[in-house]
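Student:
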Amino acid sequence: KTVAIVGCPFRGGQAKLGVDHGPIRLVQAGLPEQLAELGWKVQFDGHHQFEEIDTQNDPPIGKLKNPRLVSRVSQAVAQVVGGHAKKGVLPLTLGGDHSLAMGTISGTLEQYPDACVIWVDAHADINTAETTDSGNLHGMPVSFLLGIGPKIPEFGWVKPALRPERLVYIGLRDIDAGEKRILRENGIRAFSMHEVDKYGIGKVVEMALDHVNPKGDRPIHLSFDVDALDPSVAPSTGTPVRGGLTFREGHYICEAIYETGCLVALDIMEVNPSLADVEAVRQTVAVGCSLARSALGETLL
Ligand code: ARG
Ligand code: MN
Ligand code: MN
Ligand code: MN
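Note that our numbering has the sequence shown beginning at 604, numbered continuously upward.
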């Protein structure tokens, strides 16, 4: 078994500086060695540079900020992730902001058309060009993958390859009004923090898996935004929201998905090492590493 670390030092999907340093810090913290320790053959040939992508002339399209940059970087990431998947290697994408998931999930679906997506986040990231308030593309990748909302020619490469019933959310607690309507109208299953409180994380993960992967025969793409965790657990991230997953709830999700044996791709997103003091940054980077380890087979016993 081989994992390929896809480091994506990218911040164009949102406004705050620093999230582009997330992958560098995760690797510096020893993530490649930690995964090797778990028995994985680890491929890592440096972080992606995206330097050939021209960012000079990128005015907003409607409300969307940095649209050409986000589109081209995600397209490049889709090719890299798809290429690893094609070789049977598990891509572990380190963000960077969550707009990158447009690329990672496109890459997964290219190789595994029947894959399902488990999106762990405080946010649904399902705004469209019509519903977005911020214009930040990290709040929008899921709508592109589903093919909902106005078509933006610049994003024409993104195939609407994700079906609403193959997507499930865990950890939601900050959803825009337009996003609530989209979730409802498309019948998308979501387990907010309310359901985590009500049923407990064990039951929630069981219900989530039963929804997207009832027979256990579908490949799983896990896209984990660290802001799903409570800010006391992962403080250094761009859009923290109180009332999030505990340390154990977050890791439990990863452990349970590993146990299915169906995981084919993993994203660890939105670690921003410049939004807290040294100790809180160290804690956030460490939790990013330990989530990845849990999803890739680390057990408590
Ligand atoms: N819903 C808000 C927006 O669209 C926040 C999105 C936050 N997304 C994230 N990947 N952290 O701007
Ligand atoms: Mn910088
Ligand atoms: Mn989020
Ligand atoms: Mn997100």
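Beta carbons: idealized from backbone N, C-alpha and C, even for Gly. None of these values were measured; they are calculated from a predicted model.
#1: Short of 7 Å in beta carbon distance, which residues of its chain neighbour Gly752, apart from the five on each side in sequence? Order them along the chain.
#2: To the nearest angstrom, how far is it from the Cα of Leu825 to the Cα of Leu869?
#3: What is the DSSP secondary structure of Pro604, reduced to helix, strand or coil?
#4: Can you tell me the Cβ-Cβ gap for Leu911 and Gly805, rounded? I've got them flagged as a contact below 8 Å.
#5: Within 6 Å: the Cβ of His726 and any heavy atom of ligand 3?
#6: For a minimum of 3 consecutive residues, which ranges assigned as the beta strand (DSSP E) are wholly contained in the stretch 738–797?
#7: Do Leu740 and Gly616 have their C-beta atoms within less than 7 Å of each other?
#8: Drop a sphere of 10 angstroms on the beta-carbon of Asn660, count the other beta-carbons inside from all chains shown, and report buried for 16 or more, exposed for fewer.
#9: Measuring CB to CB, does Ser702 end up less than 7 Å from Pro635?
#10: Leaving out five residues on either side along the sequence, give the residues of the same chain with a beta carbon under 6 Å from the beta carbon of Leu748.
#11: Check whether the Cβ of Asp828 sits closer than 6 Å to any heavy atom of ligand 4, and report yes or no.
#12: Relative to the alpha-carbon of Ala704, which residue among Lys690, Gln678, Asp880 and Leu866 has its alpha-carbon at the smallest distance?
#13: Whole angstroms are fine: how far does the CA of Met796 sit from the CA of Gly686?
#14: Less than 8 Å between C-beta atoms, sequence neighbours within five positions excluded: which residues of the same chain meet that for Val808?
#15: Is the closest heavy atom of ligand 4 to the C-beta of His701 under 6 Å?
#16: For Pro763, is the classification buried or exposed, using 16 other Cβ atoms within 10 angstroms of its Cβ as the cut-off for buried?
#17: In its own chain, which residues sit with a C-beta less than 8 Å from the C-beta of Lys754, not counting the 5 before and 5 after it?
#18: For Ser826, write down the residues that DSSP places opposite it in a beta bridge.
#19: Buried or exposed for Gln714, please, with buried defined as at least 16 other CB atoms from any protein chain shown within 10 angstroms of its CB.
#20: When the Cα of Pro822 is compared with those of Gly691, Pro663 and Gly699, which residue comes out closest?
#21: Considering only the beta carbon of each residue, do Ile791 and Pro756 sit closer than 7 Å?
#22: What does the Cβ neighbour count give for Leu638, buried or exposed, with the cut at 16 atoms within 10 Å?
Tutor: Taking the geometry as given:
#1: If we look at Gly752 and ignore the five residues flanking it on each side, its Cβ neighbours are Thr731, Ala732, Glu733 and Ser746.
#2: Each residue's alpha carbon lies about 5 Å from the other.
#3: The sequence given here has Lys at residue 604, not Pro. Correct three-state label for Lys604: coil.
#4: Residue 911 lies beyond the range of the chain shown here (604 to 904); nothing can be said about it.
#5: Yes, the Cβ of His726 comes within 6 Å of a heavy atom of ligand 3.
#6: Those beta strand (DSSP E) runs which fall completely within the stretch 738–797 and span 3+ residues are 770–775 and 792–795.
#7: In this structure, Leu740 lies near Gly616, with their beta-carbon atoms less than 7 Å apart.
#8: Per the 10 Å Cβ criterion, exposed.
#9: No. Outside cutoff.
#10: Closer than 6 Å at Cβ, skipping near neighbours: Ile708 and Leu765.
#11: Yes, Cβ of Asp828 sits closer than 6 Å to a heavy atom of ligand 4.
#12: That would be Gln678, whose Cα lies nearest to the Cα of Ala704.
#13: Pairing Gly686 with Met796, the inter-Cα distance amounts to about 35 Å.
#14: The answer, listed in chain order, is Ile773, Tyr855, Ile856, Ala859 and Ile860.
#15: His701 Cβ: within cutoff of ligand 4.
#16: So Pro763 counts as exposed.
#17: Excluding sequence positions up to five before and after Lys754, its CB lies less than 8 Å from no other CB in the same chain.
#18: Under DSSP, Ser826 takes part in a beta bridge, and its partners are Trp722 and Asp870.
#19: Taking every protein chain shown into account, the CB of Gln714 has 16 or more other CB atoms within 10 angstroms, so this residue is buried.
#20: For the set Gly691, Pro663 and Gly699, the Cα lying nearest the Cα of Pro822 is the one of Gly691.
#21: Judged by beta-carbon spacing, Pro756 lies beyond the 7 Å limit of Ile791, meaning their Cβ atoms are not closer than that value.
#22: It counts as buried.
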